[in-house]
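Asker: Questions regarding the structure given below will be posed in turn.
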Amino acid sequence: MVQHRVITIAVLSLVLLPSRIANAEWDKATASDGVEIHFEATGTGTPLFLIAGGPGQDSERFRFTHTLLQPSARLVFVDGRGRGKSVIPDGKKVAYSLEKDVDDIEAVRQKLGTPKIMVLGHSYGSMVAMAYAAKYPEHTAALISVSGCHGATVWQERNIEMVKVHLERHYPERWKRIVELHEAGHSTGQEPLAPMFGDLNELLVFNPESDWRLYPQLKRKRDPVEFKFNREVYLTMVGPDPEWKIEGTLAGVELLPRLKNYPGPALVIGGRHDRVSPPLNQVEIAKALPNAELVFFERSSHSPSVEEPLRFIRVVSEFIDSLPDQE
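In our numbering, each residue's number is its place in the sequence shown (first place is 1) plus 1346.
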């Protein structure tokens, strides 16, 4: 009981963190195709790039627990193209793909003028982090993958198909209607099917009765124009029928064969109860990396940084602090 109260107090203190980090300023880098990538950097030391998931999320969700990593690194909050502050002007057509996201990270690194960076990606963001480290190992001081996915095959088999089975078993009446609508030609990326996949919180958290309450609390602390999700990015990359079949620009992407190209230090983090990026994903990622440490969070699902924030900050900080000085 005492331990539970201590953890609760710690989590609530994270909710009350300032909405902006002191001495942080937004800047922008220009990608190879002219897209402006906005980022915010604060602190000193080797830059730690924070790469959000989705694809389609912005960097706002990193500003609560991850700000506590600042003593160990210079934090760089990156809004990928089309996300957050990296708004695409009306009428401008741009490409959304994993490779574009990787090259956008490199554009920000060049803008900062630093020879090496650390990359931390969550969920889809882990794919960007892994692909960056494999493509630019000479510029990667460390790789941190959190709740990672390593390719289209496991996205289809262990995420999309798993959600279908979950719906069929636990929400049979809803699943029956989903199948009827899908067979009638409706896509899961649009109304009326899309909302039928949107409230399965039990797939994303270890304890939906307690842990999930934190997210609404965080959202109420933010400017209402923030915490946005760009569905155009999501549908372009995953596909027009994203909860049924992966067929967007991520189709055919497989990262495990690339990971041997990154020989540097890596930390692979997974939630023991993650249903959408299961522990098997993390084992396979760690095995494919030449120099990886694998850590599971036993009371977490897809977001260990929210469900076990104190341990998450400690594990990541200790990993960073153990690295050779890059300065």
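In this text, a Cβ means the ideal position worked out from N, Cα and C, and glycines have one as well.
1. When you compare only the Cα positions, how much space is there between I1666 and A1377?
2. For the alpha helix (DSSP H) containing R1455, name the first residue and the last one.
3. Among residues of its own chain, excluding the 5 on either side of R1504, which ones have a beta-carbon nearer than 6 Å to its beta-carbon?
4. Buried or exposed: where does N1627 fall if 16 or more other Cβ atoms within 10 Å of its Cβ makes it buried?
5. I'd like the list of long-range same chain contacts for F1643, defined as Cβ closer than 6 Å, with 5 residues on each side in sequence excluded.
6. Go to S1491, then tell me how far its beta strand (DSSP E) extends in each direction, as first and last residue.
7. Rounded to a whole number of angstroms, what is the C-alpha to C-alpha distance between L1564 and H1485?
8. Please determine, among T1390, L1640 and W1501, the residue with the shortest C-alpha to C-alpha distance to P1463.
9. Output the distance between the C-alpha atoms of M1508 and A1638, rounded to the nearest integer angstrom.
10. I need the boundaries of the beta strand (DSSP E) containing R1420, first residue and last residue.
11. In the DSSP output, which residue or residues are listed as bridge partners for Q1403?
12. I need the straight-line Cα distance from G1594 to I1397, nearest angstrom please.
13. Could you tell me which of R1427, F1408, L1635 and E1371 sits nearest to K1438, measuring between CA atoms?
Answerer: If we stick to the structure as given:
1. 28 Å
2. L1444 to L1458
3. P1624
4. Burial call: buried.
5. Closer than 6 Å at the Cβ level, and outside the excluded window around F1643, lie G1617, P1650 and E1654.
6. Segment T1486 to V1492, the beta strand (DSSP E) holding S1491.
7. Residue placement at L1564 cannot be trusted, given a pLDDT of 46 that sits under 50; the coordinates are not used to answer.
8. At residue 1463 the sequence reads Ile, which differs from the Pro that was named. It is T1390 whose Cα lies nearest to the Cα of I1463.
9. 27 Å
10. R1420 to D1425
11. DSSP lists F1575 as partners of Q1403.
12. G1594 and I1397 have their C-alpha atoms roughly 20 Å apart.
13. R1427
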